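If you count by the numbering used here, then the sequence shown holds residues 3 to 173, one letter each, in order.
All remarks here apply to the structure that follows.
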Amino acid sequence: MVSGVIKVDHLLAKMATELTTLIKARQLDDPMMIGIRTGGVWLAEHLHQQLNIASPLGTLDISFYRDDFTQVGLNPKVQPSALPSATEDRHIILVDDVIMSGRTIRAAMNELFDYGRPASITLVTLLDLNRRELPIQADVIGDTLLLADDEQVKLTGPAPLALEIRKKANL
């Protein structure tokens, strides 16, 4: 049951403005933007276009890098990661839809380092749920959302992009 739907256009505009400022302040020349499947890719596509980033957009599927892989098994929709060039000495803008525990981002960084050692990684996320299990923080956040224990959030898309807040199914 859906308990709320939130459009994300205003959050994307806010994130684009903050990210532009951050890129200039950190002097990130020719950054490579990479989205984490699936919601992070949708967001990265929008931000990549809004910021007019020259390097092609990359995508990561972190399924094989998850630390719960042996417990939950393989995602049946695994797709290959696609990076347009090596990450060695590149400034990476890593985009995901939600940061909660930090474990997805840890898995993404592990995969990125398998491609080479980036000069830097800037983390951009639409939502922060403030339930960290690892000391990983986003540099640009669309918004912070506090959910009840029986709620979850899901980004739907790719067009239009919207956030759905749902009650968790009783198991």
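Every residue, glycine too, gets a C-beta built ideally from N, C-alpha and C.
For clarity, every value in this text was computed on a predicted model and none was experimentally measured.
Its chain contains V43, A46, T61, V97 as the residues whose beta carbon lies nearer than 6 Å to that of G37, once the 5 sequence neighbours on both sides are disregarded; these appear in chain order. One alpha carbon belongs to I55, the other to D151, and they sit about 38 Å apart. Per DSSP, V43 is one residue of the alpha helix (DSSP H) stretching across 41-53. Here the C-alpha atom of R134 lies approximately 26 Å from the C-alpha atom of D11.
Scanning the segment 90-141 for uninterrupted alpha helix (DSSP H) segments of 4 residues or longer gives 105-117, listed from N- to C-terminal end. Residue burial is scored here from C-beta neighbours: S83 has at least 16 other C-beta atoms within 10 angstroms and is therefore classed as buried.
The C-alpha of P120 lies about 10 Å from the C-alpha of P33. Around the Cβ of G118, a 10 Å sphere holds fewer than 16 other Cβ atoms; the residue is exposed. Taking 8 Å as the upper bound for CB-CB distance, D130 and I101 are in contact here, some 5 Å apart.
For P162 and K9, the gap between their C-alpha atoms comes out near 8 Å. With respect to H50, L59 sits close: the two C-beta atoms are nearer than 7 Å.
Straight-line measurement puts the Cα of V155 at about 26 Å from the Cα of I94. Under the criterion of beta carbons closer than 8 Å, I138 and G104 qualify as touching, at roughly 4 Å. Linking D145 to L128 through their CA atoms gives a straight-line distance of about 6 Å.
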